[in-house]
Amino acid sequence: MIRKNPSGDLPVIAESAYVDKTAIICGKVIIGENVFVGPYAVIRADEVDASGAMDPITISANSNIQDGVVIHSKSGAAVTIGEFTSIAHRSIVHGPCSVGDRVFIGFNSVLFNCAVGDGCVVRHNSVVDGRDLPAAFYVPSTTRIGPTTDLSQFPPVSVSASEFSEDVARTNVDLVRGYKALQNEF
């Protein structure tokens, strides 16, 4: 479902993107070329700051927002998802937040008030809250990273984790093409 927010903003969705019919895209959302938005995802840009302004939620080219993901933002703050990035099933990305290019965010993970650098891998059931992650940073499953977390205790992203991230992104770009081809059959 594509709909306006209370400010009257409508999503802008690239023609080459695929948005599942069960997804909700609301308000000042920009979805780039070849983006996949899976079933029951919610991308909602509807809150404003104290002056009534709102930054967009932007999903860049060739990224995927998988089943049940929620992307929202507090008080009109920006949320930016880079290119070839995967936000896996049932994750929450709550702005203010920026996620770089070629990032993998694992199932059920939560990002809030943070910046995640290019090439990062945040594995399943992890939380990043109030702490920026440098490029090529690896967060193991079930880890909580907060404002005082010592990042030096974590290893860099391995080659296999990077390859996995790239494979997920590539697979979802292929799904966009497949679902777009089927769109007229339903």
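Its first residue numbered 43, the sequence shown is counted upward by one per residue in the numbering used here. C-beta atoms are modelled at their ideal positions from N, C-alpha and C, and glycine is treated no differently. Since we're looking at a predicted model, the values are computed, not measured.
Could you give the distance in angstroms between the alpha-carbon of Cys156 and the alpha-carbon of Val163? 14 Å
Would the segment 177-186 and the segment 209-225 be scored as touching if the rule is three or more Cβ pairs under 8 Å? no
So which of Gly118, His166, Ile134, Leu217 has the shortest CA-CA distance to Val84? Ile134
Excluding the 5 residues preceding and the 5 following Glu125 in the sequence, name in chain order all residues of the same chain whose CB lies nearer than 7 Å to its CB. Ser102, Ala103, Asn104, Ser105, Asp143
Apart from the five residues just before and just after Pro198, which ones in its own chain have a Cβ nearer than 8 Å to its Cβ? Ala178, Phe179, Tyr180
Assigned exposure category for Lys70 - 16 Cβ within 10 Å defines buried: buried
Below 6 Å CB to CB, which residues in the same chain sit around His136 once its five sequence neighbours on both sides are set aside? His114, Phe154
Test item: CB-CB of Val145 and Val169 under 8 Å: no
In terms of residues, what are the limits of the alpha helix (DSSP H) holding Asn214? 201-224
Look at the Cβ atom of Val90, then the Cβ atom of Val79, and state whether they are nearer than 8 Å. no
Alpha-carbon spacing of Tyr82 relative to Ser200, whole angstroms: 31 Å
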